[in-house]
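Chemist:
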Amino acid sequence: MKTFCKLTEAEFDAFSRSYRPATFLQSVPMARSQQERGSQIAYYGIKDGSEVVAAGLFTLTPFRRFFRIASAFGGMLMDYSNEEDLAILYEGLRQEFSRSRVAQVRILPYFNLIERDIDGEIVEGGYDNHELVTKLKTAGFHHHGYQNHYNTTDSRWFFQKDISQITTPDELLASFGGQNRWATRKTQKLGIQVRDLSLDELDQFDRILEHTADRREFMNRGIDYYRSIYHCFVPSGEARFLLAELDLDHYEAQLQELRQTQVEELRESERRFASKPTNKMENRIRTAQEAIDGFDDKLAELKRDLRPKGPVIPLAAAVFLRYVGSVTYLFSGAYSEYLHFNAPYAIQWEAMNWALENKADIYDFYGTEGAFCGAKDEGVYHFKKGFGGFVVEKPGIFSLNPNPGLYKFLSRVSDIDRE
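Per my numbering, residue 15 is the first one in the sequence shown, and the count goes up by one each step.
(1) So, using beta-carbon positions, are Glu97 and Lys149 closer together than 8 Å?
(2) Between Tyr239 and the rest of its own chain, which residues show a CB-CB distance below 7 Å, the 5 nearest in sequence each way excluded?
(3) For Arg82 and Gln218, I'd like the C-alpha separation in whole angstroms.
(4) Classify Leu211 as buried or exposed, calling it buried when 16 or more other Cβ atoms lie within 10 Å of its own Cβ.
(5) For Gly59, which residues in the same chain have their Cβ closer than 6 Å to its Cβ, ignoring the five residues on either side in sequence?
(6) Does the Cβ of Gly403 have 16 or more other Cβ atoms within 10 Å, making it buried, or fewer, making it exposed?
(7) Here's a check: name, in chain order, each residue in its chain whose Cβ is nearer than 6 Å to the Cβ of Leu39, leaving out the five neighbours to either side.
(8) Given the structure, does Ala348 come close to the ligand SAH, in the sense that its CB is under 7 Å from one of the ligand's heavy atoms?
(9) What is the residue span of the alpha helix (DSSP H) that Lys399 lies within?
(10) Assuming contact is defined by CB atoms lying nearer than 8 Å, are Ala258 and Ile206 in contact in what I supplied?
(11) Under 8 Å by Cβ, that's how I've got Trp171 and Val405 pegged, so tell me the actual separation to the nearest angstrom.
(12) Using DSSP's beta-bridge definition, name the partner residues of Tyr337.
(13) Put Pro43 into one of helix, strand or coil per three-state DSSP.
(14) Hey, would you say Leu320 sits closer than 8 Å to Ile327, going by beta carbons?
(15) Pro325 by DSSP, collapsed to three states: which one?
(16) Just grab the DSSP bridge partners of Val119 for me.
(17) For Met233, count neighbouring Cβ atoms within 10 angstroms of its own Cβ and tell me buried if that reaches 16, exposed if not.
(18) Please confirm whether Glu304 has its beta-carbon closer than 8 Å to some beta-carbon of chain C.
(19) Quick one: what does DSSP say Ile180 is sitting in, helix, strand or coil?
(20) Gln49 and Ser413: beta carbons closer than 8 Å?
(21) I think Gln274 touches Lys203, with their Cβ atoms under 8 Å apart; what is that distance to the nearest whole Å?
(22) Once the 5 residues before and after Ala305 are set aside, which same chain residues still bring their CB inside 7 Å of it?
(23) Quick one: what's Thr22 bridged to in DSSP?
(24) Can you look up Ala332 in the DSSP assignment and give me helix, strand or coil?
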């Protein structure tokens with residue numbers, strides 16, 4: 015017999031790590047991170063006898079000071095085609111939260127809605143899970159519609175890359191688009207170095223994110239959030255805070271080496287042109303000289319602008335979470351004055367190789383937006399698209415109101431469904 019019940023942390027952890035597709039949003043490390051930041055959490059599920067067949071991590075957040083909203087971000091973890099389980103879930107959540115000041119219970123399922131390609135176009139003959147939306151609504155859940163939010167909790171649009179068939183760094187690089195392949199190689203030539211940040215260095219990470227938040231007009235989560243993620247994911251090897259930086263001594267040596275290669279090319283081309291003038295040799299001379307001039311400009315910039323800030327300059331940073339079969343690119347930032355070094359590409363290269371080493375199936379670039387959802391700014395989407403992959407559409411928010419009277423009252427003084 016199936017029953018709705020509270021789950022222990024151990025029961026939830028075991029189910030969460032065995033469920034596919036898994037998500038860090040529905041994990042014990044994320045629950046502990048939320049608790050560390052002051053949130054109340056609870057685990058609920060459905061058991062068939064003693065076996066857990068559905069599970070969800072719920073976070074209770076304050077609403078209008080005296081009330082709360084219970085949300086299962088990335089959950090429930092369950093078979094949404096099972097109408098019996100959906101009915102048990104609805105009634106169990108309704109009864110559980112009717113005894114408290116919870117104004118609304120929200121679930122944000124992690125299943126993909128309809129198959130889309132790299133451009134966000136629907137794949138003909140691909141999967142279509144709209145039937146699951148219908149089943150949720152039939153069970154009693156209210157669907158908040160197909161919104162185009164771009165944030166970390168209720169986004170509709172994501173970008174992912176299937177890396178299950180990629181086994182080597184060479185294969186990984188070959189899977190990139192031309193621009194991203196070139197930019198990645200450039201960071202390697204210039205010696206952009208990527209390393210893990212320690213807990214004591216997270217203030218540096220926060221400064222980079224704050225700078226980027228100001229430039230791109232989004233809200234920085236703040237140092238307390240990053241510390242909680244670090245505490246709860248890094249010790250188990252399930253997160254990395256990566257910093258890309260420029261070692262100026264190494265950078266100068268690389269520039270000098272690359273310049274010398276062009277000097278030798280120039281001398282050889284001039285020698286061959288002197289013995290037999292051709293348009294080809296003339297073009298090679300011009301190209302080599304332009305490259306030398308470019309390296310001279312970089313060396314002058316190094317001496318004039320970079321040395322006073324050295325010997326090592328932070329360029330960009332990002333945090334990645336590894337959970338079961340996926341690695342997720344969660345947050346990142348970069349100093350605008352150093353964007354020409356392409357440091358974010360070096361960070362992605364490090365993180366993707368980490369995903370390969372851990373035999374991940376999916377590299378999740380997380381939220382995105384583009385023309386396919388009416389967005390005008392496609393910069394973030396094009397950056398992610400250049401690594402190869404596909405657009406993912408999620409079904410959005412579903413909710414129930416365990417205290418109809420309370421919900422009716424709050425609807426009069428606020429737009430609760432939008433908050």
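No residue lacks a Cβ here, since even glycine has one placed at the ideal position from N, Cα and C.
Modeler: Quick look at the numbers:
(1) The criterion of a C-beta distance shorter than 8 Å is satisfied by Glu97 and Lys149.
(2) Cβ neighbours of Tyr239 beyond the five flanking positions: Arg51.
(3) Each residue's Cα considered, the two are about 34 Å apart.
(4) When all chains shown are included, Leu211 counts as buried.
(5) Once the five neighbours on either side are set aside, the close Cβ partners of Gly59 are Leu21, Val66, Ala68 and Ala69.
(6) Burial check for Gly403: the Cβ neighbour count within 10 Å reaches 16 or more, so the residue is buried.
(7) Sequence-distant partners of Leu39 (beyond 5 residues in either direction) whose C-beta falls short of 6 Å from its own C-beta, in its chain, are Phe87 and Gly88.
(8) For the ligand SAH, the structure offers nothing, since it holds no ligand at all.
(9) Taken as a continuous stretch (DSSP letters only), the alpha helix (DSSP H) holding Lys399 covers Gly393 to Lys399.
(10) Inclusion of Ala258 and Ile206 in the CB contact set at 8 Å is warranted, their separation being smaller than that value.
(11) So it is a contact: roughly 6 Å between Cβ atoms.
(12) DSSP, once it has assigned bridges, lists Ser340 as partnering Tyr337.
(13) The answer is helix: DSSP assigns Pro43 an H, G or I state.
(14) Yes, the Cβ-Cβ distance between Leu320 and Ile327 is below 8 Å.
(15) In the three-state reduction of the DSSP assignment, Pro325 falls in the coil class.
(16) Answer is Ala84 and Leu414.
(17) Exposed: under 16 other Cβ atoms inside 10 Å.
(18) Structure shown: chain C not included; a single protein chain is present.
(19) Residue state, collapsed to three classes: coil.
(20) No, these two residues do not count as a Cβ contact at 8 Å.
(21) Rounded, the Cβ-Cβ distance is 14 Å, inconsistent with contact.
(22) When the five nearest sequence neighbours on each side are left out, the beta carbons in the same chain lying within less than 7 Å of the beta carbon of Ala305 are those of Gln276, in order along the chain.
(23) Partner(s): none; Thr22 has no beta bridge.
(24) Taken through DSSP and simplified to helix, strand or coil, Ala332 comes out as strand.
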